[in-house]
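Numbering (the working numbering), first residue to last: 160 to 387.
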């Protein structure tokens, strides 16, 4: 929607919007996934701390302002917003408030040359990006912790499922006399017959069995990681 509005605004004579649209077109090049690429780049800027693309930077800043205005409109209308989304936008609003305070403290410079005006605009843009990155740092840290915790939990679950498979339980029991998972019902002593193994599969099977005994099971790998 934003990209459509940007194009429409540029077509109706807004020179800045037209310049932003042209910068985006150069950035996209021959790619046809414009909206997805735009959204991914902005999300990477906010949530991953990546720098904005240099060419269409002004377009992304315009998009940022547009999102904040949409968020404020939703708040005025009483539209429910997910807490994590509201946290992001409240942080962006705090950034804008801090920049506004800085502008007021600096005072009005009055009429300035085009070059000086461009320098001031560039400095404000850089300050906005740096402050945004700083204020979003806790959000990024929380996302990274959530990912790490989720990955660790998924790994434990997957390894537990693997250890619980009958084929792995049987192999571990027959080779290492260890039962994976919950304690089993009392079982008779089962041993692999060395002569029968050699008769059926040859001497090579003994070396393969020794290698199997040396392999760490999933639970042992977890213990080793915990000690490391």
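Positions of the beta carbon are idealized from the N, C-alpha and C atoms, including for glycine. Source: prediction; values computed, not measured.
Mind checking which residues open and close the alpha helix (DSSP H) that includes residue i?
| i | result |
| --- | --- |
| residue 233 | 216-235 |
| residue 354 | 353-360 |
| residue 112 | Here the chain comprises residues numbered 160 to 387, so residue 112 is not present and cannot be evaluated. |
According to DSSP, simplified to helix, strand and coil, what is residue i?
| i | result |
| --- | --- |
| residue 178 | helix |
| residue 304 | helix |
| residue 247 | helix |
| residue 173 | coil |
| residue 238 | coil |
| residue 188 | coil |
| residue 297 | helix |
| residue 210 | coil |
Within the present structure, is the beta-carbon of residue i separated from the nearest heavy atom of the ligand FAD by less than 7 Å?
| i | result |
| --- | --- |
| residue 187 | With respect to the ligand FAD, the structure shown offers nothing to examine, as it has no ligands at all. |
Is it true that the segment 254-261 meets the segment 279-299, where meeting means three or more beta-carbon pairs spaced less than 8 Å apart?
yes
Assess, as a yes-or-no matter, whether the segment 211-225 is touched by the segment 176-191 under the definition of 3 or more beta carbon pairs within less than 8 Å.
yes
Using 8 Å as the Cβ pair cut-off and three pairs as the minimum, do the segment 161-180 and the segment 221-233 touch?
yes
Three Cβ pairs or more, each shorter than 8 Å: is that satisfied between the segment 195-204 and the segment 233-253?
no
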